Each structure stands twice: as structure tokens, then as C-alpha cells.
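Working notes, structure below.
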Amino acid sequence: NPTRHTSLGRANHSEAPPRGSPRRKTIEDAAAAHPQLPQNSKALTFKSNMATPRTINAYAALGPSKQMVPYTFEAPPLPPAGVEVKVTHCGLCGSDVHLWQSDGGYKDFTAWAAGKDAQICGHEVIGEVTAVGSAVTHVKPGDRAGVGWQNGACHNCEWCLRGDEQLCGSVSCTCCEGNEGGFADYIRVKDGGFVYPIPDACDAAATAPLLCGGQTVWTPLRQQTKAGDRVGILGLGGLGTMAVTFAKALGCEVTALSSSDSKKAQALALGADKFVAHGDEKQVAAAAASLDFILVTLATQQTVDFAKYFALLRPRGTLCFVGMCPPITADVFTMGFTMHNITTSNTGGRKEMVEMLEFCARKNIGATVVTRPMAEINEALADLESSKGAHRFVLTR
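Residue numbers (the numbering used here): 14 to 410.
Right, dumping it as C-alpha cells:
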């Protein structure tokens, strides 16, 4: 039976580093502040590697939308910068479902598109380090570590040097294009810079979803808002509830936005200061021009009229998309008078991941999760597809 965990907590103020601090300038500064992050690939000394192949027992789909079945494969020896992790927890993310179903923009990134016969998903991984390559110094066997959506980058381009590895032209994703993800007993990552030590204060189950979903909402809140801003969170699913907790902990005044009042009590319990049911015209009118920033966490294939959400923004306000939505239209004539902005955000770089994990450890923050044994992966996927709740699903071994 699934096991439910509550979120680890929240706070009402920020202790995250100020934006002018050296740690936020470049990836070299981030690495200097956090020795566990190698500055770039040239800093690694590539010595001969004596690691052996690993037989990995996974759960894979042998075709789009087919049930996950036990699947065994042999992973190659670790390269000098590689890390092997024995998986104890792996979150289920909407991106796993898109890859599994080979739908939308994910179709070209599946294992099948790369010519392989099995799609092995899973990219919110926590476990124990069991082997490292000869160049790895930031983790060692026995350490607890995590892996998120990205598992590689060049470390030398403009974007990597700025700390935006997610924008690297050579970025590699943990379970895309034939990479074998964390629905398995072990995962091997060629670029150990994307394996992160997990602070002792962080609960494994509640932290696993932070490695993708959490970072997805953390990054725009850190980069595009500041303490005191009036922030709206549109959508109160797994992403939205994490965003409410983060925004409050970062010192923002938080307004939760949902279609009806059914999630009002839950949103206020998470730390939201206000609640607006956007299906109620009177509530929307009363909240007009009240927000500096709206984070859109909706995941839908239905066309959404965002005009009413722009009306909630103050002049120079921003509507930022992290959820998967169809193309939108905007009244640019009216926006010319209000100077509204439309932005997006894509997970984050390594510095955002480290900063988020440290922040969560200090503030005792984690996702609200339901756990299932990994052997029940098909039941968990069915639960994820049918769920409209505010929790995330985590597989355990």
C-alpha cells in the first residue's frame, strides 16, 4: 500500500544568499563556494579507470505507453568523472509520463527515437554512492547523493561558465535520448558534476521530488522575484504546492490561484497569505493589479485564456511559465501600456540545485509525497495520471 508523508515544513523569511554575492555570478564562483562542484571539465584529472561494468536491474517500457516490465542491462565502466549510485528513492515526474507515452515535444527525446528498445525513466534519484571515477572528489562511496533532470554538460561554453548548464548546447538529460534513468537498482552518471551530496537534514523521500520539480519552481522564484514581492502561484498540483512553500520561505507575499475554493484550506496551510479562485469573476476583479509575479505551474493540453491572469498583474509584472501549456496568445497592445513581461524557466543550473538543497536543509522543507515500492511502478504511474492532489509520488527500494 502507498505510504503518505507530509511536507517537512516551511518558514517565513529567507536566508538564501543575496543576489550580489560572488556565489551567484559564475559557475567558477559557485564551485569556489561549494567545492563539491568541479569548475569545469579541464579541472578534472583524467586518470586510468579500473571500474568494471555493472549489471543493472531496471523497470522499462518496451514501447510507448506499454507497462513497465523488469529489464536487465549492463552499464559500461565508469569514466574518470563518473559516479554510480545505488537507488533508494526515485520520484515520479510528469516528464517521466511524457517520455513513457512518447507524446508532445518529448517524442524525439525517447530511447526509441535514439534507436534503443527500452525506455527507462526516473530522474529524481536519491541513493548511496557505491563507486566513483578516478577524477571524482566531491562524493565518495557511502555518501548519500542525488541526481536530477540533467546529467551532463560541456562545462566550458558561455552558459556553463555562467552557471546555466541547463542552457548548454551539449546538455544531457538523465533519462532522455537513451540514457538509463533511476527506475532501477543502480544508476551510473558519466558526468559526476551532476551528482549532488544530499544534506543530512533532508529526508530522502521528501527531497527526491525537489531534484526536478522543486528546482523547476525554485529557480524562477530565486532569479525573478525578491523578498517582499507579491507572488501568485497558478495551479496547486505537485509543482504549485512546492512553489507556495518556497515563495513564502523566500519572504514573498503569496497568493494561491486555483479554479475553485476546494484547495483554499490546503493552500493557506502551506503558507499562502491569500487565495483567489480564478473561476469566480468577483474574486478575480477584487484581486486586479495586485501581483508582481505569477508563476504558472499548470500542466494541461487544453487551451487556456491567460487574459484574466494578466489583469492580476501590477505594472511591470511578470507571468512566468514552468508548466506544460499549449501555445498562448497575448494582447501586446495592452502590454505596451502595462509593461508586463512573459518569461519561462527551465529547471536550473548546478548552483541553483546546491543552493536549493542547502536552503531546504536549513528551513526543514520538503515535498508532500506518497511512497510506493518500485515493484509497484505501474500502479504508481496510474495513480500519478489520475491524481489531482498536491502530493508527489516516490518509488522506494
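The C-beta atom is built at its ideal place from N, Cα and C for all residues, glycine as well. A quick note: this is a predicted structure, and the numbers were derived from the prediction, not measured.
query                                                                                                                   : result
Cut-off 8 Å between Cβ atoms - residues of its own chain near G76, not counting five sequence neighbours on either side : W125
Of the residues G362, E389, R385, the one placed nearest S185, counting alpha carbons only                              : G362
Neighbour-count burial assignment, F350, 16 or more Cβ in a 10 Å radius                                                 : exposed
Limits of the unbroken beta strand (DSSP E) element including H102                                                      : 96-105
Best match in T101, A88, E97, S108 for proximity to R410 [C-alpha to C-alpha]                                           : T101
Contact set for V152: own chain, Cβ-Cβ below 8 Å, skip 5 residues either direction                                      : Q49, V96, V142, V145, A158, G205, V208, P210
Three-state secondary structure (DSSP) of T229                                                                          : helix
Sub-7 Å separation of A88 and M81 beta-carbons                                                                          : no
Spatial neighbours of F122 in its chain, beta-carbon cut-off 8 Å, leaving aside the 5 residues before and after         : L112, C186, C189, E190
Enclosing beta strand (DSSP E) for T356 [first to last residue]                                                         : 354-357
Beta-carbon spacing of P66, P90 below 7 Å                                                                               : yes
Length of the line joining the Cα atoms of L394 and G117                                                                : 18 Å
Coarse secondary structure for D42, derived from DSSP in three states                                                   : Bear in mind that the predicted position of D42 carries a pLDDT of just 41, short of 50, making it too unreliable to give a figure here.
Status (buried if at least 16 other CB within 10 Å, exposed otherwise) for F319                                         : buried
Which of helix, strand or coil DSSP assigns to K12                                                                      : Nothing can be reported for residue 12, as the shown portion of the chain is limited to 14 through 410.
G379 and A214 closer than 7 Å at C-beta                                                                                 : no
Selection from I69, G336, F323, M337 that minimises the alpha carbon distance to T346                                   : For the sequence presented, residue 346 should be read as Phe rather than Thr. Residue F323 is the option with its Cα nearest to F346.
Complete runs of the beta strand (DSSP E) confined to the stretch 238-315 [at least 3 residues]                         : 243-247, 266-271, 287-290, 304-309
Bridge partners - V160, DSSP secondary structure assignment                                                             : V138, V208
Cβ pair G241, K261 closer than 7 Å                                                                                      : no
Contiguous alpha helix (DSSP H) assignments of at least 4 residues, all confined to the stretch 157-197                 : 171-174
Which of helix, strand or coil DSSP assigns to L91                                                                      : coil
Alpha helix (DSSP H) segment containing L370, residue limits                                                            : 363-376
Beta-carbon proximity check, L247 vs L270, cutoff 7 Å                                                                   : yes
Assumed close pair I200, V367 - CB separation to whole angstroms, cut-off 8 Å                                           : The pair is not a contact, with the Cβ atoms about 19 Å apart (cut-off 8 Å).
Coil, strand or helix - P328 by DSSP                                                                                    : strand
Assigned exposure category for R235 - 16 Cβ within 10 Å defines buried                                                  : buried
C-alpha gap between S419 and K79, whole angstroms                                                                       : The question about residue 419 has no answer here: the residues shown for the chain are numbered 14 through 410.
Span separating the alpha-carbon of A217 from that of A298                                                              : 42 Å
Candidates Q314, H353, G226: closest to A256 by CA position                                                             : G226
Run of the alpha helix (DSSP H) containing V345, from where it starts to where it stops                                 : 345-351
Under the three-state DSSP convention, the category V407 falls into                                                     : strand
Three-state secondary structure (DSSP) of V110                                                                          : helix
Assigned secondary structure, L57 (DSSP; H/G/I helix, E/B strand, else coil)                                            : For L57, the predicted structure reports a pLDDT of 36, less than 50, and the residue's modelled location is therefore unreliable. The matter cannot be settled from this model.
Three-state class that DSSP yields for Q236 in the structure shown                                                      : helix
Boundaries of the beta strand (DSSP E) in which I200 is found, first to last residue                                    : 199-202
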